[in-house]
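Accompanying notes for the structure given below.
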Amino acid sequence: MRAPANGTAAAYNAGAEFEAASTLKLPVMVVALTQNRGELHSSRFWDPFVRVTSWSDNAAANELLTMTGGSETGGAALMVRTMRALGLRHTSMSGGYLTGAGGGPPAVSAPEPPPAAYKHTTAADMATLAGFLADAAVGEGPLERRGVDRHEARELLYLMLHAQDEGLVRAGAGGLPVAHKIGWLDETRNDVAIVFTSGGPVAISIFTYGTIDTTVTNFGAAATRAVLRAART
1 MRAPANGTAA AYNAGAEFEA ASTLKLPVMV VALTQNRGEL HSSRFWDPFV RVTSWSDNAA
61 ANELLTMTGG SETGGAALMV RTMRALGLRH TSMSGGYLTG AGGGPPAVSA PEPPPAAYKH
121 TTAADMATLA GFLADAAVGE GPLERRGVDR HEARELLYLM LHAQDEGLVR AGAGGLPVAH
181 KIGWLDETRN DVAIVFTSGG PVAISIFTYG TIDTTVTNFG AAATRAVLRA ART
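Taking the numbering used here, the leading residue of the sequence shown gets 1, the next gets one more, and so forth.
What follows is the structure in structure tokens.
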């Protein structure tokens, strides 16, 4: 977790690389924000942003990759370069997303996760990026210096607040507003979130691997409660 207001951070195994799944749609949208000029709501990016944040639509993510980088592969490469420039050195993807089944799970069953080199990241990288987005919403930080103004950042956070999937963080947030992006496959469930507390925003990033059952959900809620308690101290 990271609390952008005071820089406090805590982590457990945050440097381990995980299959990122749809959490990488967050940095893809951040790259689009760096290219946007004018009102985001009336831009070409708005419709795919809505579809990505609401139900993690894979086709919309591929549209954003093509818009920003000229092709899905080009957009993926641009995203990786941008994340490297921001200091996030363990976030990578080499192409777009499977389509044909809408958002959510992939179009084909994958008993084994794809190779880590295809789409991977760490909890530390994603928590840092979420913190950068929260910073940009108040006109600060590296995203602001890359052209993401506070209005654009707040519009993206607004969309993330209305994500349809509950994810792993919301259940432990005690009713506090949660802007987040989930990612999941057959044996992966991840959540990158910003929880808005009275003391300021708290970025929480949870990545899991294994059998998906209530244990994962309970872990996410418990971890979130622990982080928020620590952030208040």
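We put the beta carbon where it would ideally sit given N, CA and C, even for glycine.
Is DSSP giving residue i helix, strand or coil here?
i: Val169; result: coil
i: Ala20; result: coil
i: Ser71; result: coil
i: His151; result: helix
i: Asn58; result: helix
i: Tyr118; result: coil
i: Leu185; result: strand
i: His162; result: coil
i: Phe196; result: strand
i: Thr91; result: coil
i: Asp135; result: helix
Can you tell me the Cα-Cα spacing of residue i and residue j, whole angstroms?
i: Ser205; j: Val178; result: 12 Å
i: Leu33; j: Thr82; result: 12 Å
i: Leu86; j: Tyr118; result: 20 Å
i: Trp184; j: Ala21; result: 6 Å
i: Val216; j: Arg189; result: 8 Å
i: Gly167; j: Ser54; result: 12 Å
i: Asp240; j: Tyr158; result: Lying outside 1 to 233, the shown extent of the chain, residue 240 is not represented and no answer is given.
i: Thr214; j: Asn36; result: 40 Å
i: Ala193; j: Arg145; result: 22 Å
i: Phe219; j: Ser92; result: 26 Å
i: Phe18; j: Gly95; result: 17 Å
i: Pro239; j: Phe132; result: Because the chain is modelled from 1 through 233, residue 239 falls outside the range shown and cannot be assessed.
So, at 7 Å on beta carbons, what are the nonlocal neighbours of residue i in its own chain, with the 5 sequence-adjacent residues on each side left out?
i: Thr224; result: Val169, Gly172, Ala173, Ile204
i: Lys25; result: Val52, Ser56, Ala61, Lys181
i: Thr68; result: Val31, Ala32, Gln35, Gly75, Leu78
Just to confirm, are residue i and residue j a CB contact at a threshold of 9 Å?
i: Ala130; j: Ala153; result: no
i: Leu65; j: Ala76; result: yes
i: Ala221; j: Thr197; result: no
Leaving out five residues before and five after residue i in sequence, what residues of the same chain have Cβ atoms less than 6 Å from its Cβ?
i: Ala123; result: Ala14, Ser205, Phe207
i: His162; result: none
Under 9 Å between C-beta atoms, does residue i make it to chain C?
i: Phe18; result: Protein chains in the displayed structure number just one, and chain C is not present.
What residues in its chain sit with their C-beta under 8 Å from that of residue i, if we drop five residues either side in the sequence?
i: Thr99; result: Asn58, Ala59, Asn62, Ala107
Check whether the stretch 78 to 96 and the stretch 209 to 225 touch, using three or more Cβ-Cβ pairs below 8 Å as the test. Touching, no, given that fewer than three Cβ pairs across the two stretches are closer than 8 Å.
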